[in-house]
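Enquirer:
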Amino acid sequence: MNLKEQEYMLALGRTGSLTGAAQQLCITQPTLSVFLNNLEERLGTQLFVRAGKKLVPTAAGRAYLSCAQRMELLKIDFETELAEYVRGTKGVLHVGSLRHRSLYLMPRLIRQFQDLHPGVEVILHEDSTVILEKMLYGGELDLLVTNQPLENPALTVQPIYQDRLLAVMGAATAAQLNHNWQWKDGLPYLDLKSVANEVFYLLPRPRSIRILAEAAFRYSNVEPRHIQQITNIDLGCQMAAEELGIAFTMESYHRYFNYLRPTKCFAIGDPALRTGWNAVWRKNAVVPAYMQDFLQLLEDQMRDVRLDKFWPR
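In case it helps, the numbering used here puts the sequence shown at residues 220 to 532.
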């Protein structure tokens, strides 16, 4: 913030002398005299009068000096705050996330982040990936967390987690399977043919879990006979916990759910199929140190799935 004009005037006001002010400002007295003449001519009024050897501000000069003092204080405040932004001790991070992911991931993540960076505010934006991508590209977001593939060459995409689809059912339903499953990659794997006659709770298209569930049916060569369409993942899992059928969720979601009745979960479909979660930002954007810390916390928390805890639940 350049307040050269105001600094010259304040020096004149403090010293009451062209020579004294010039010495404070490390400029020549003629240079300061020309500055004052040009300023008074531009403003159309006299700012100082001579009283003996002293320069005394006029009424207009006193008004100018009062305003200049306030501007000087504002400059000091601004430069102090700017230094905090430059050091990364202060800032604002706009993060876009899918609604369901925000509900279970962001509260704990933001608490951990603010312990590291108490001066940085995190502002969440929840919407569809299509809208959030437009906000990111338009500069309204600094970071986007999504499981949808993005092909925009102007964006940097950093993989943070490979997720997989799970089938959730009540413990009694699972017990009737007579161990008709096997362990794969830390989870019991279930062929959907063994539960083909159950009620399946599915989200509407084009939700990603619905698409993944349909892919799992095709992989197992199963045509589900009883489908109940639901509006959110939690509802389907709670219905499954009540032994009313089978629901689907993602591995990274499951650990956040609580059920009144015991449940079991199984990996299903193509064992090699994974859904990538990515952190996305603009390629030309400056990535401050605190955003790098946020990305690391995000990746750590997404990996903290505890696969060995799924089956006992």
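Positions of the beta carbon are idealized from the N, C-alpha and C atoms, including for glycine. Every value quoted in this text rests on a predicted model; they were computed, and no experiment measured them.
If you draw a straight line from the alpha carbon of residue 260 to that of residue 235, how long is it in whole angstroms?
Expert: Cα-Cα distance, rounded: 20 Å.
Enquirer: Could you tell me the alpha carbon to alpha carbon distance between residue 241 and residue 248, rounded to whole angstroms?
Expert: Spanning the two alpha carbons is a distance of roughly 5 Å.
Enquirer: Tell me the DSSP secondary structure of residue 308 in three-state form.
Expert: Here residue 308 sits in coil by DSSP.
Enquirer: Following the continuous alpha helix (DSSP H) through residue 505, name the residue where it begins and the one where it ends.
Expert: Looking at the DSSP string, residue 505 is not in any alpha helix (DSSP H), and its letter there is neither H nor E.
Enquirer: In the DSSP assignment, the beta strand (DSSP E) including residue 386 goes from what residue to what residue?
Expert: It spans 384-389 - the beta strand (DSSP E) in which residue 386 sits, taken as one unbroken run.
Enquirer: Where do the ends of the beta strand (DSSP E) carrying residue 484 lie?
Expert: Where residue 484 is concerned, the enclosing beta strand (DSSP E) stretches over 482-486.
Enquirer: What is the rounded straight-line gap between the Cα of residue 271 and the Cα of residue 297?
Expert: Near 39 Å, if we compare the C-alpha coordinates of residue 297 and residue 271.
Enquirer: Taking 8 Å as the cut-off, does the segment 499-517 touch the segment 359-377 (at least 3 CB pairs, one atom from each stretch)?
Expert: Touching, yes, given that three or more Cβ pairs across the two stretches are closer than 8 Å.
Enquirer: Can you list the beta strand (DSSP E) stretches of 3 or more residues lying completely in the segment 252-291, in chain order?
Expert: If we require 3 residues or more, the beta strand (DSSP E) runs fully inside the segment 252-291 come out as 267-270, 273-276.
Enquirer: Tell me whether the segment 410-425 and the segment 469-477 touch, counting them as touching only if at least three CB pairs, one residue from each stretch, are closer than 8 Å.
Expert: The segment 410-425 is not in contact with the segment 469-477.
Enquirer: Given residue 530, which residues of its chain have a CB within under 8 Å of its CB, disregarding the five upstream and five downstream residues?
Expert: Confidence at residue 530 is low in this model, with a pLDDT of 43, below 50, so its placement is unreliable and the value that follows should be read with caution. Contacts found: 406, 407, 483, 484.
Enquirer: If you follow the beta strand (DSSP E) that residue 406 is part of, which residue opens it and which one closes it?
Expert: 406-409 is the extent of the beta strand (DSSP E) around residue 406.
Enquirer: Check residue 479 in the structure and name its three-state DSSP category.
Expert: If DSSP states are grouped into helix, strand and coil, residue 479 belongs with coil.
Enquirer: Identify, in the order they occur along the chain, each residue of the same chain with its Cβ nearer than 6 Å to the Cβ of residue 355, setting aside the five sequence neighbours on each side.
Expert: The residues are 363.
Enquirer: Starting from the Cα of residue 411, find the closest Cα among 456, 467, 368 and give me that residue.
Expert: Of the candidates 456, 467, 368, the one whose C-alpha sits nearest the C-alpha of residue 411 is 467.
Enquirer: Going by beta carbon distance, what residues of the same chain come within less than 6 Å of residue 380, once the five residues before and after it are set aside?
Expert: Excluding positions up to five away in sequence, the list reads 496, 521.
Enquirer: Smallest Cα separation from residue 369: which of 510, 359, 352, 347?
Expert: The residue with the shortest Cα to Cα distance from residue 369 is 352.
Enquirer: Under 9 Å between the Cβ atoms of residue 459 and residue 481?
Expert: Cβ distance not < 9 Å, so residue 459 and residue 481 don't count as in contact.
Enquirer: Of the choices 452, 462, 486, whose alpha-carbon is the least far from that of residue 476?
Expert: Considering only alpha carbons, the answer is 452.
Enquirer: For residue 284 and residue 278, I'd like the C-alpha separation in whole angstroms.
Expert: Using only the alpha carbons, I get a separation of about 10 Å.
Enquirer: Please state the DSSP three-state secondary structure of residue 447.
Expert: In this structure, residue 447 counts as strand in the three-state DSSP scheme.
Enquirer: Can you give me the C-alpha to C-alpha distance between residue 387 and residue 299, rounded to a whole angstrom?
Expert: Their Cα atoms are separated by approximately 54 Å.
Enquirer: Pull up the CB-CB distance for residue 339 and residue 312, whole angstroms please, since I reckon it's below 8 Å.
Expert: Indeed, because the Cβ distance is near 6 Å, the residues count as touching under 8 Å.
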